[in-house]
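Here the structure comes first, spelled out in C-alpha cells, and everything after it is commentary.
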Amino acid sequence: MIEPNKEMNVIIRENFKINNFNENEINIINYGLSNKEKQNVSYQKFESDMANTISNETLNYNFKKKSVESINTIIVDNIIKKYGIKDFQLVLDIEGEESNVLKKNNEWLLKCRRILLENHLPKTKLHDLNNYLIEKGFKIISKKQNVFLFMKV
Amino acid sequence: MYKNETRFKTNEFNYFVPKSFDPITKFLMKFNIYEKKERSLIKYMSDNTDIIEAGAGIGLISMYLKKKIGKKN
C-alpha cells in the first residue's frame, strides 16, 4: 500500500495487528503516487487527517489548511517493476491527484484490470476523467456517489 | 463524546486512531460512515489479482482488500 503520511505507518500496523493479520504481509510505501517521480514535493496537510494532498486541483473541501510538508512521489510503473507485478487492480484515494496518475505516463493501464476510484475532482473534471477511462477500455460496473469501480472490458 | 474515542469498528473490523486524530473523521468513524462507499464496492473486485492501493490512510480499506484477496499482495 502507498501512503505518504509516515504518521499513518504505526496506525496501519496496529490496525492489522488488532485484526489478526500477519504483520509481515504489510508493505507500506511512504511516497505519494503521481505521474512523475520527484523529491521534495509539497504535501498540504489539512485539519482533516484524511484530506492531505500533493494535488493543486481545486478541491471541494472546506477544511482549514494546517501545514505543508515535503514528500517524494512514485509512479505506478516503478511499483510494478519493483514487485514484479503483471496484472493488477488499482485502488485510488489520492485527493485530487487521480487525474495526473490516470491520464499521464499511463502505459501501465494495459496491465490494469480494475480501478476502484474515489474521484475528488469537481463535476466537469470528474466526468472527463471517467470518460477518459472509458475511452481506454474500461467500463463502470458499480458506483456510489463519487466512488467508481471500473473494469477492463 | 466521540472526540475522545480512539477505538472504532465496522461489521468486519475493529480499528484504532490516535486521540489527536481530527474530530471530523472520528465523527464518520463513530457512525460507521467512514469509507463506507469504498467498502461497499470492494465485493466487485477480483479475488485473485494483485492490488496496488494508493492513499491507504489508517489502513481500513487495506484490511478489506487484504481479506478479499487473501495471500495475494
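Line order of the protein sequences matches chains A and B. Taking my numbering, the leading residue of the first sequence gets 1068, the next gets one more, and so forth. Taking my numbering, the leading residue of the second sequence gets 638, the next gets one more, and so forth. Glycine residues also receive a C-beta, built at the ideal position from the N, C-alpha and C atoms.
Excluding five sequence positions before and after D1160 of chain A, the CB atoms of its chain that fall closer than 7 Å to its own CB belong to E1185, given in chain order. Straight-line spacing of the CA atoms in D1154 of chain A and M1218 of chain A works out to 13 Å.
Proximity of chain B to L1216 of chain A at the Cβ level (cut-off 8 Å) is accounted for by L678, Y681 and M682, in chain order. With 16 or more other CB atoms across the displayed protein chains lying within 10 angstroms of its CB, V1214 of chain A is buried. Where F1113 of chain A is concerned, there is no enclosing alpha helix (DSSP H), although the beta strand (DSSP E) around it starts and stops at V1108 to F1113. For I1146 of chain A, the uninterrupted alpha helix (DSSP H) run begins and ends at V1143 to Y1150, by DSSP. Annotation: Cβ neighbours of L1100 of chain A in chain B (cutoff 7 Å, chain order): A691. Here L1216 of chain A has L1183, I1208 and S1209 as same chain residues with Cβ atoms under 6 Å from its own Cβ, once five neighbours each way along the sequence are excluded. Per DSSP, the beta-bridge partners of D687 of chain B are A:F1155.
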